[in-house]
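A short worksheet on the structure shown next.
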Amino acid sequence: MPNVTFSSPRLHKDVTVYAVAGDRGTVLALAQKNNIPIPFDCQNGECASCLIEVVPLSDKTMGMDLTEKEKTVLKSLGKITPEEIARAENDDLPPRFRLACQMIVRDQDILVRFTGEPGGA
1107 MPNVTFSSPR LHKDVTVYAV AGDRGTVLAL AQKNNIPIPF DCQNGECASC
1157 LIEVVPLSDK TMGMDLTEKE KTVLKSLGKI TPEEIARAEN DDLPPRFRLA
1207 CQMIVRDQDI LVRFTGEPGG A
């Protein structure tokens, strides 16, 4: 089971929760289940209000599939480059920024940072 640590100025302190292996839930769903206040509007990968920064906390890094919506939104925000997309798709190297409503939790410990500001992780 991976540990997911949430960090934000909106929290009094960092909060670490356990994700169930094989659950296939999103970071946003995990946050909601544990009362972590990641902001969101559409939950559909279109508004970018749930932008997060993801930092791997172990040597085991796992690329995480980017949805087409996520690629489009992150490119429009200047949060991902075509090179980063290629590395994620071809080399299994995860990008730094993601949308919490689109990112599926994998079997990897991660730190998730968010601010609650539109377009800012």
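With the sequence shown counted from 1, adding 1106 to any position gets you this note's numbering. Heads up, the beta-carbon is just placed ideally off N, CA and C, and yes, glycines get one too.
Under DSSP, the alpha helix (DSSP H) around residue i begins and ends at which residues?
i       : result
SER1182 : 1174-1183
ASN1196 : 1188-1196
VAL1133 : 1133-1139
How far does the beta strand (DSSP E) with residue i in it reach, from first residue to last?
i       : result
LEU1157 : 1157-1162
LEU1217 : 1216-1219
Return the residue from the list the options that minimises the CA-CA distance to residue i.
i       : options                               : result
VAL1211 : ASP1120, LEU1134 and LYS1119          : LEU1134
LEU1117 : ALA1125, ILE1142 and ILE1158          : ILE1142
LYS1177 : CYS1153, VAL1161, ASP1215 and GLY1131 : CYS1153
PHE1112 : PRO1162, GLY1151, ILE1186 and ARG1193 : PRO1162
ASN1140 : LEU1205, ASP1171 and GLY1131          : GLY1131
Note down, in chain order, each residue of its chain lying with its Cβ closer than 7 Å to the Cβ of residue i, except the 5 sequence neighbours on either side.
i       : result
SER1114 : ARG1219, PHE1220, THR1221 and GLY1222
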